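Have a look at the structure below before the remarks.
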Amino acid sequence: MRILLDTANINEIKRGIEYYAIEGVTTNPSIIVKEKVDFISHMSEIAKLLGRKRKLFIQTIATDAEGIVDDALLINELVEGNLCVKIPVTSEGLKAIKILKEKGVDTAATSIINSQQGLLAARGGAKYLIPYVNRADNILADGVNTVGEIVDFIDIYGLDCEVVAASFKNIQQVHGCALNRVHAVTIPADLLDKLSFNHLTDFSVEEFSNNWDKAYPGIKNIRSMVKK
Numbered sequence: 224m225r226i227l228l229d230t231a232n233i234n235e236i237k238r239g240i241e242y243y244a245i246e247g248v249t250t251n252p253s254i255i256v257k258e259k260v261d262f263i264s265h266m267s268e269i270a271k272l273l274g275r276k277r278k279l280f281i282q283t284i285a286t287d288a289e290g291i292v293d294d295a296l297l298i299n300e301l302v303e304g305n306l307c308v309k310i311p312v313t314s315e316g317l318k319a320i321k322i323l324k325e326k327g328v329d330t331a332a333t334s335i336i337n338s339q340q341g342l343l344a345a346r347g348g349a350k351y352l353i354p355y356v357n358r359a360d361n362i363l364a365d366g367v368n369t370v371g372e373i374v375d376f377i378d379i380y381g382l383d384c385e386v387v388a389a390s391f392k393n394i395q396q397v398h399g400c401a402l403n404r405v406h407a408v409t410i411p412a413d414l415l416d417k418l419s420f421n422h423l424t425d426f427s428v429e430e431f432s433n434n435w436d437k438a439y440p441g442i443k444n445i446r447s448m449v450k451k
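Per this note's numbering, the sequence shown runs over residues 224 to 451.
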């Protein structure tokens with residue numbers, strides 16, 4: 224399971240790259256609005272920061288198929304980098320995904336709530352499928368199970384796409400997706416930190432340090448023991 228950051232905050236992205244093996248960043252209109260920035264220049268800055276090895280997902284703004292296609296083409300024209308265009312799985316979005324597939328533009332079908340939406344998007348040519356886990360849970364559906372169903376569809380029908388699960392509120396949801404063999408998850412920066420934290424780990428490190436300090440006071444690392 225690969226890890227992506229769901230943010231448009233430059234500092235969060237820099238920290239994610241420094242501390243974790245993130246493989247990309249996902250954005251959407253709501254995330255970008257929070258940053259109060261110029262859209263194209265900010266996306267360009269993130270793309271430059273990520274480089275060619277990490278992928279940046281940028282969502283279209285238009286809601287009609289013609290406008291979505293135009294948005295997608297402009298994104299690829301104006302932002303230089305390793306990009307994928309996110310498109311919500313409305314009927315207009317599915318139409319746009321099909322058109323963009325024919326034009327050779329990589330797309331990610333987003334806002335997926337049920338597995339049939341994912342299957343339709345995959346058949347239409349989407350390279351990535353982005354199901355919303357917590358939003359599905361909020362309508363008494365099972366978001367993690369939906370992710371598993373979509374992964375199964377890909378395997379059963381030999382579809383050329385991957386699942387990038389999104390919309391998480393807790394690490395149990397992320398863990399459930401991992402158990403369902405999801406290809407990747409995109410999560411907020413605070414949840415990524417929670418994945419790495421366990422108080423027993425910190426307790427163990429503190430215990431190691433205390434025992435060491437008692438035996439070798441003042442020696443904080445191996446280099447300090449090496450004779451010059």
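C-beta atoms are modelled at their ideal positions from N, C-alpha and C, and glycine is treated no differently.
Please read these numbers as outputs of a predicted model, since none were measured by experiment.
Taking D360 as part of the alpha helix (DSSP H), name the residues at either end of that continuous run. What you label residue 360 is simply residue 137 of the sequence shown in a count that begins at 1. From DSSP, the alpha helix (DSSP H) with D360 extends over 356-360.
How big is the Cα-Cα spacing for K450 and T424? Within the sequence shown, residue 450 is the residue found at index 227, counting from 1. Within the sequence shown, residue 424 is the residue found at index 201, counting from 1. Cα-Cα distance, rounded: 32 Å.
For C307, which of helix, strand or coil comes out of DSSP? By 1-based counting over the sequence shown, the position of residue 307 is 84. Under the three-state reduction of DSSP output, C307 falls in the strand class.
Anyone know if the C-beta pair for V428 and V405 falls short of 9 Å? What you label residue 428 is simply residue 205 of the sequence shown in a count that begins at 1. What you label residue 405 is simply residue 182 of the sequence shown in a count that begins at 1. Between V428 and V405, the CB-CB gap reaches or exceeds 9 Å.
When we look at the beta-carbon of V256 and count the other beta-carbons within 10 Å, is it buried (16 or more) or exposed? Translated into positions along the sequence shown, residue 256 becomes position 33. By the 10 Å Cβ count, V256 comes out exposed.
In or out: S264 buried (at least 16 other Cβ within 10 Å) or exposed? Position 41 of the sequence shown, counted from the start, is the residue given in the question as residue 264. By the neighbour-count rule (16 or more Cβ atoms within 10 Å), S264 is not buried but exposed.
Given this structure, state the Cα-to-Cα distance separating W435 from Y243, to the nearest angstrom. Translated into the one-based positions of the sequence shown, residue 435 becomes position 212. Translated into the one-based positions of the sequence shown, residue 243 becomes position 20. Whole-angstrom Cα-Cα distance: 28 Å.
Buried or exposed: P311, going by 16 or more other Cβ atoms within 10 Å of its Cβ? Residue mapping note: residue 311 aligns to position 88 of the sequence shown, counting from 1. Result: buried.
Distance, K443 Cα to L306 Cα: Sequence index remark: in the sequence shown, residue 306 carries index 83 (1-based). Sequence index remark: in the sequence shown, residue 443 carries index 220 (1-based). Their backbone Cα atoms lie some 44 Å apart in a straight line.
Close-in-space but distant-in-sequence residues of the same chain around E258 (CB under 7 Å, 5 per side omitted): Translated into the one-based positions of the sequence shown, residue 258 becomes position 35. For E258, where only same-chain residues beyond five positions count, the Cβ hits under 7 Å are A231, N232, H265.
As a quick exercise: from E430, I281, I445, A388, pick the residue whose alpha carbon is nearest that of I226. Counted from its first residue, the sequence shown places residue 226 at position 3. It is A388 whose Cα lies nearest to the Cα of I226.
Enumerate, from N- to C-terminal direction, the unbroken alpha helix (DSSP H) stretches of 4 or more residues contained entirely within the segment 261-302. Complete alpha helix (DSSP H) runs here, min 4: 262-273, 288-301.
Do you know offhand how far G341's Cα is from V260's? For the purposes of this step, residue 341 is taken as the residue at position 118 of the sequence shown. For the purposes of this step, residue 260 is taken as the residue at position 37 of the sequence shown. Cα to Cα, G341 sits roughly 32 Å from V260.
I'd like the list of long-range same chain contacts for L317, defined as Cβ closer than 7 Å, with 5 residues on each side in sequence excluded. Taking the sequence shown and counting its residues from 1, the one referred to as residue 317 is at position 94. The residues are L343, A344, G347.
Quick check on DSSP: helix, strand or coil for A388? For the purposes of this step, residue 388 is taken as residue 165 along the sequence shown, with counting starting at 1. Correct three-state label for A388: strand.
Using a Cβ distance threshold of 8 Å, determine whether the segment 315-334 contacts the segment 279-295, with at least three qualifying pairs required. Touching, per the Cβ criterion.
Does K259 get closer than 9 Å to chain B when you measure Cβ to Cβ? Annotation note: the requested chain B is absent from the structure, which comprises a single protein chain.
Write down every uninterrupted run of the alpha helix (DSSP H) in the segment 407-448 whose length is 4 residues or greater and which is fully enclosed by it, in chain order. With a minimum length of 4 residues, the continuous alpha helix (DSSP H) runs that stay inside the segment 407-448 are 412-419, 422-438.
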